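Colleague:
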Amino acid sequence: ELKVEQNPLFLSMQEGKNYTIYCNYSTTSDRLYWYRQDPGKSLESLFVLLSNGAVKQEGRLMASLDTKARLSTLHITAAVHDLSATYFCAVPLEGDSNYQLIWGAGTKLIIKP
Amino acid sequence: DSGVTQTPKHLITATGQRVTLRCSPRSGDLSVYWYQQSLDQGLQFLIQYYNGEERAKGNILERFSAQQFPDLHSELNLSSLELGDSALYFCASSVGLASVLGDSYNEQFFGPGTRLTVL
């Protein structure tokens, strides 16, 4: 059974600091998705990581994927208040042609001014 | 705006009642997914449809059912509602299936959600 674990589940940090959110998954997968959700809002796709060693960056967020370690990281550089949100990672079931995603529990990020 | 629409935005009803949530996928997307998100909880996958056919089921209760129509919109029916059914219900859509697309993003794009409150 594929399990996706995120840590930490809750993170409170100061503006200007750097931090990393981790997403581990239990079986092989060649891709991983990161989403952002603001409170009470919908989910917004942030990154699609399609291969081992993939790295994508947008603004102060950078995501990477290590398929051998079954690990993805979401790194926040010089955090700003606007990045406060819940971040989810999701992994597709390998070999599942339906592309059902298995979701992490989410990391609630609060950035204090 | 993801291009996925959901109606209604809010729904307040009583226990024992039945409601229908509606979703229209992005233009060109054939797959529709339904999710439930309870307060401060993660996403619970309910069911997936592809081009009118049910393709995958998650933790969907027997009181819940869904369908996808020929115009590709989808409806999620919730019956005999209980207090615990209060949640945000999201619909997402994607282009298709991995077997059809091969190596492609096949991202899921989420609608704005329907907030269901059962009193």
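Read top to bottom, the protein sequences are chains A and B.
Residue numbering for the first sequence follows my numbering, starting at 1 and increasing by one per position.
Residue numbering for the second sequence follows my numbering, starting at 114 and increasing by one per position.
All C-beta atoms in this analysis are idealised placements derived from N, C-alpha and C, irrespective of residue type, glycine included.
Source: prediction; values computed, not measured.
1) Less than 9 Å between CB atoms is the rule here; does residue 44 of chain A satisfy it with respect to chain B?
2) Using the Cα positions of residue 189 of chain B and residue 16 of chain A, report the straight-line distance between them to the nearest angstrom.
3) May I ask which residues mark the beginning and end of the beta strand (DSSP E) holding residue 7 of chain A?
4) Just by C-beta distance, which residues in the region 154-171 of chain B are closer than 9 Å to chain A?
5) List the endpoints of the continuous beta strand (DSSP E) containing residue 123 of chain B.
6) With a CB to CB cut of under 7 Å and the five nearest residues on each side skipped, what residues in its chain are close to residue 79 of chain B?
7) Quick check for students: name the residue ranges of the alpha helix (DSSP H) that lie wholly in the region 162-198 of chain B, counting only runs of 4 or more.
8) State the beta-bridge partners of residue 157 of chain B as determined by DSSP.
9) Who are the neighbours of residue 221 of chain B on chain A, taking C-beta pairs under 7 Å?
10) Round the Cβ separation of residue 108 of chain A and residue 10 of chain A to the nearest angstrom and send it over; I've been treating them as touching at under 8 Å.
11) Expressed to the nearest angstrom, what Euclidean distance is found between the alpha-carbon atoms of residue 78 of chain A and residue 110 of chain A?
12) Any beta carbon of chain B sitting closer than 9 Å to that of residue 53 of chain A?
13) Straight-line CA distance for residue 146 of chain B to residue 113 of chain A?
14) Any beta carbon from chain B within less than 9 Å of residue 48 of chain A's own beta carbon?
15) Less than 8 Å between the CB atoms is what I'm expecting for residue 65 of chain A and residue 32 of chain A, so what's the real figure, rounded?
16) In the DSSP assignment, what residue or residues form a beta bridge with residue 81 of chain A?
17) Please classify residue 63 of chain A as buried or exposed, where buried requires at least 16 other C-beta atoms within 10 Å of its C-beta.
18) Buried or exposed for residue 177 of chain B, going by 16 or more other Cβ atoms inside 10 Å?
19) How would you write the range of the beta strand (DSSP E) that residue 24 of chain A sits in, first residue to last?
20) By Cβ distance, which residues of its chain are closer than 8 Å to residue 126 of chain B, with the 5 residues on each side in sequence left out?
21) Quick one: what does DSSP say residue 112 of chain A is sitting in, helix, strand or coil?
Modeller: In short, the structure shows the following:
1) Locating residue 44 of chain A in the first sequence gives position 44, counting from the first residue. Closer than 9 Å to some Cβ of chain B, the Cβ of residue 44 of chain A qualifies, so yes.
2) Taking the first residue of the second sequence as position 1, residue 189 of chain B is located at position 76. Taking the first residue of the first sequence as position 1, residue 16 of chain A is located at position 16. When rounded, the distance between both Cα atoms is 43 Å.
3) By one-based count along the first sequence, residue 7 of chain A stands at place 7. Per DSSP, the continuous beta strand (DSSP E) segment holding residue 7 of chain A begins and ends at 4-7.
4) 154, 155, 156, 157, 158, 161, 163, 168, 169 and 171
5) One-based indexing of the second sequence puts residue 123 of chain B at position 10. Per DSSP, residue 123 of chain B belongs to the beta strand (DSSP E) from 123-126.
6) Because chain B in this structure spans residues 114 to 232, residue 79 of chain B falls outside the shown range and cannot be described.
7) Restricted to the region 162-198 of chain B, not a single alpha helix (DSSP H) segment is unbroken, complete and at least 4 residues in length.
8) By 1-based counting over the second sequence, the position of residue 157 of chain B is 44. B:149.
9) Working through the second sequence from its first residue, we reach residue 221 of chain B at position 108. Ordered by position in chain A, the residues that pass the 7 Å Cβ test against residue 221 of chain B are 101.
10) Mapped onto the first sequence, residue 108 of chain A falls at position 108. Mapped onto the first sequence, residue 10 of chain A falls at position 10. Rounded, the Cβ-Cβ distance is 5 Å, consistent with contact.
11) Here residue 78 of chain A refers to the residue found at position 78 of the first sequence. Here residue 110 of chain A refers to the residue found at position 110 of the first sequence. Distance between the alpha carbons of residue 78 of chain A and residue 110 of chain A is about 13 Å.
12) Taking the first sequence and counting its residues from 1, one reaches residue 53 of chain A at position 53. Interface residue (Cβ-Cβ distance to chain B less than 9 Å): residue 53 of chain A is not classified as such.
13) Within the second sequence, numbered from 1, the residue matching residue 146 of chain B stands at position 33. Within the first sequence, numbered from 1, the residue matching residue 113 of chain A stands at position 113. Taking the straight line from one Cα to the other gives about 37 Å.
14) Position 48 of the first sequence, counted from the first residue, corresponds to residue 48 of chain A. Yes, its Cβ sits closer than 9 Å to a Cβ of chain B.
15) Against the first sequence, residue 65 of chain A aligns to sequence position 65. Against the first sequence, residue 32 of chain A aligns to sequence position 32. With a Cβ gap of about 5 Å, residue 65 of chain A and residue 32 of chain A count as contacting.
16) Here the question's residue 81 of chain A lines up with position 81 in the first sequence. DSSP, once it has assigned bridges, lists no residue as partnering residue 81 of chain A.
17) One-based indexing of the first sequence puts residue 63 of chain A at position 63. Buried, by the Cβ-count rule.
18) As a first step, residue 177 of chain B must be located in the second sequence, where it is residue number 64. Buried: at least 16 other Cβ atoms inside 10 Å.
19) Taking the first sequence and counting its residues from 1, one reaches residue 24 of chain A at position 24. Counting along the chain, residue 24 of chain A sits inside the beta strand (DSSP E) bounded by residues 19-25.
20) The count along the second sequence starts at 1 and reaches residue 126 of chain B at position 13. The residues are 132, 194, 229, 230, 231 and 232.
21) To locate residue 112 of chain A, count along the first sequence from 1; it is residue 112. Correct three-state label for residue 112 of chain A: strand.
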